[in-house]
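This report concerns only the one structure given below.
Numbering (my numbering), first residue to last: 20 to 144.
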(Lines of atoms letter the chains of each structure in order from A; the text may use other names.)
(Lines give C-alpha, C1' and ligand atoms only; values in the text may rest on other atoms or scores of the structure.)
Protein backbone atom coordinates (compact mmCIF):
# COMPACT_ATOMS: atom_id res chain seq x y z
CA UNK A 20 0.00 0.00 0.00
CA UNK A 21 2.87 2.35 0.80
CA UNK A 22 4.41 1.80 -2.65
CA UNK A 23 1.12 2.75 -4.30
CA UNK A 24 0.98 5.93 -2.24
CA UNK A 25 4.51 6.89 -3.32
CA UNK A 26 3.66 6.28 -6.99
CA UNK A 27 0.45 8.32 -6.70
CA UNK A 28 2.18 11.19 -4.92
CA UNK A 29 5.01 11.35 -7.43
CA UNK A 30 2.56 11.00 -10.30
CA UNK A 31 0.47 13.93 -9.13
CA UNK A 32 3.50 16.21 -8.99
CA UNK A 33 4.88 14.94 -12.31
CA UNK A 34 1.55 15.44 -14.09
CA UNK A 35 1.22 19.00 -12.83
CA UNK A 36 4.78 19.82 -13.88
CA UNK A 37 4.18 18.25 -17.30
CA UNK A 38 1.10 20.41 -17.77
CA UNK A 39 2.99 23.52 -16.70
CA UNK A 40 5.97 22.85 -18.97
CA UNK A 41 3.71 22.07 -21.94
CA UNK A 42 1.65 25.22 -21.44
CA UNK A 43 4.78 27.33 -21.05
CA UNK A 44 6.24 25.87 -24.25
CA UNK A 45 3.06 26.73 -26.18
CA UNK A 46 3.08 30.24 -24.74
CA UNK A 47 6.76 30.73 -25.53
CA UNK A 48 7.12 28.93 -28.87
CA UNK A 49 3.61 28.43 -30.24
CA UNK A 50 1.88 25.30 -31.50
CA UNK A 51 3.86 24.75 -34.71
CA UNK A 52 5.94 21.91 -33.23
CA UNK A 53 5.41 19.67 -30.16
CA UNK A 54 8.00 21.53 -28.07
CA UNK A 55 6.26 20.75 -24.78
CA UNK A 56 6.34 17.00 -25.33
CA UNK A 57 9.97 17.17 -26.38
CA UNK A 58 10.88 19.28 -23.34
CA UNK A 59 9.25 16.97 -20.78
CA UNK A 60 10.73 13.87 -22.40
CA UNK A 61 14.22 15.37 -22.43
CA UNK A 62 14.00 16.57 -18.83
CA UNK A 63 12.53 13.27 -17.68
CA UNK A 64 15.23 11.23 -19.41
CA UNK A 65 18.02 13.27 -17.86
CA UNK A 66 16.46 12.95 -14.41
CA UNK A 67 15.87 9.20 -14.88
CA UNK A 68 19.52 8.78 -15.82
CA UNK A 69 20.56 10.64 -12.67
CA UNK A 70 18.15 8.61 -10.52
CA UNK A 71 19.29 5.28 -11.93
CA UNK A 72 22.92 6.33 -11.63
CA UNK A 73 22.36 7.08 -7.94
CA UNK A 74 20.51 3.82 -7.33
CA UNK A 75 22.96 1.63 -9.26
CA UNK A 76 25.97 3.22 -7.55
CA UNK A 77 24.46 2.57 -4.14
CA UNK A 78 24.23 6.28 -3.30
CA UNK A 79 20.44 6.07 -3.05
CA UNK A 80 18.17 3.29 -1.88
CA UNK A 81 16.03 1.73 -4.59
CA UNK A 82 12.92 1.86 -2.39
CA UNK A 83 11.05 4.20 -1.99
CA UNK A 84 12.80 6.52 -4.46
CA UNK A 85 12.25 4.37 -7.53
CA UNK A 86 8.51 4.31 -6.83
CA UNK A 87 8.20 7.98 -5.89
CA UNK A 88 10.51 9.54 -8.47
CA UNK A 89 11.08 6.93 -11.18
CA UNK A 90 7.64 5.40 -11.59
CA UNK A 91 5.43 8.16 -10.17
CA UNK A 92 7.02 11.54 -10.88
CA UNK A 93 8.98 10.74 -14.04
CA UNK A 94 6.31 8.36 -15.35
CA UNK A 95 3.76 11.17 -15.20
CA UNK A 96 6.18 13.85 -16.39
CA UNK A 97 7.25 12.05 -19.56
CA UNK A 98 4.86 10.88 -22.23
CA UNK A 99 5.26 8.34 -24.98
CA UNK A 100 1.58 8.33 -25.92
CA UNK A 101 1.53 12.08 -26.55
CA UNK A 102 4.76 11.74 -28.52
CA UNK A 103 3.07 9.10 -30.70
CA UNK A 104 -0.07 11.20 -31.18
CA UNK A 105 1.93 14.34 -31.99
CA UNK A 106 3.60 12.41 -34.80
CA UNK A 107 0.35 10.92 -36.08
CA UNK A 108 -1.14 14.42 -36.30
CA UNK A 109 1.94 15.82 -38.05
CA UNK A 110 1.85 12.95 -40.55
CA UNK A 111 -1.88 13.40 -41.18
CA UNK A 112 -1.22 17.08 -41.89
CA UNK A 113 1.43 16.04 -44.40
CA UNK A 114 4.21 17.63 -42.36
CA UNK A 115 6.68 14.79 -42.82
CA UNK A 116 9.72 16.92 -42.08
CA UNK A 117 8.44 18.01 -38.66
CA UNK A 118 7.32 14.46 -37.84
CA UNK A 119 10.73 13.08 -38.79
CA UNK A 120 12.53 15.78 -36.84
CA UNK A 121 10.33 15.17 -33.80
CA UNK A 122 10.93 11.42 -33.92
CA UNK A 123 14.67 11.88 -34.36
CA UNK A 124 15.00 14.47 -31.57
CA UNK A 125 12.88 12.55 -29.07
CA UNK A 126 14.55 9.19 -29.63
CA UNK A 127 18.15 10.31 -29.96
CA UNK A 128 18.21 13.06 -27.35
CA UNK A 129 16.26 11.19 -24.66
CA UNK A 130 18.70 8.28 -24.84
CA UNK A 131 21.67 10.66 -24.91
CA UNK A 132 20.37 12.56 -21.87
CA UNK A 133 19.67 9.35 -19.91
CA UNK A 134 23.27 8.27 -20.56
CA UNK A 135 24.49 11.77 -19.64
CA UNK A 136 22.55 11.66 -16.37
CA UNK A 137 24.12 8.35 -15.41
CA UNK A 138 27.57 9.57 -16.45
CA UNK A 139 27.12 12.71 -14.38
CA UNK A 140 26.55 10.59 -11.29
CA UNK A 141 29.45 8.24 -12.06
CA UNK A 142 31.96 11.01 -12.63
CA UNK A 143 30.88 13.79 -10.30
CA UNK A 144 29.10 12.36 -7.28
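Heads up, the beta-carbon is just placed ideally off N, CA and C, and yes, glycines get one too. Being a predicted model, the structure only gives us computed values, none of them experimental.
State yes or no: is the C-beta of residue i within less than 7 Å of the C-beta of residue j?
i	j	result
residue 101	residue 129	no
residue 60	residue 97	yes
residue 33	residue 95	yes
residue 25	residue 86	yes
residue 99	residue 29	no
residue 109	residue 103	no
Closest to residue i by C-alpha separation, out of the options, would be which residue?
i	options	result
residue 106	23, 20, 51	51
residue 21	116, 84, 132	84
residue 132	58, 112, 45	58
residue 140	112, 127, 116, 79	79
residue 62	134, 143, 116, 142	134
residue 144	74, 43, 23, 27	74
residue 142	42, 31, 76	76
Enumerate in chain order the residues of its own chain whose CB-to-CB distance from residue i is below 8 Å, with the five nearest sequence positions on each side excluded.
i	result
residue 136	64, 65, 66, 67, 68, 69, 70, 71, 72
Return the chain-ordered list of same chain residues with a C-beta closer than 7 Å to the C-beta of residue i, the five sequence neighbours on each side being excluded.
i	result
residue 122	106
residue 45	55
residue 89	67, 70
residue 36	96
Only counting the same chain, and skipping five residues up and downstream in sequence, which positions put a Cβ closer than 6 Å to that of residue i?
i	result
residue 48	54
In chain order, which continuous runs of the alpha helix (DSSP H) of length 4 or greater are located wholly inside the segment 101-139?
none
Curious, which full-length alpha helix (DSSP H) runs of at least 4 residues does the segment 33-105 contain?
Uninterrupted alpha helix (DSSP H) stretches at least 4 residues long and entirely within the segment 33-105 occur at 54-75, 93-96, given in chain order.
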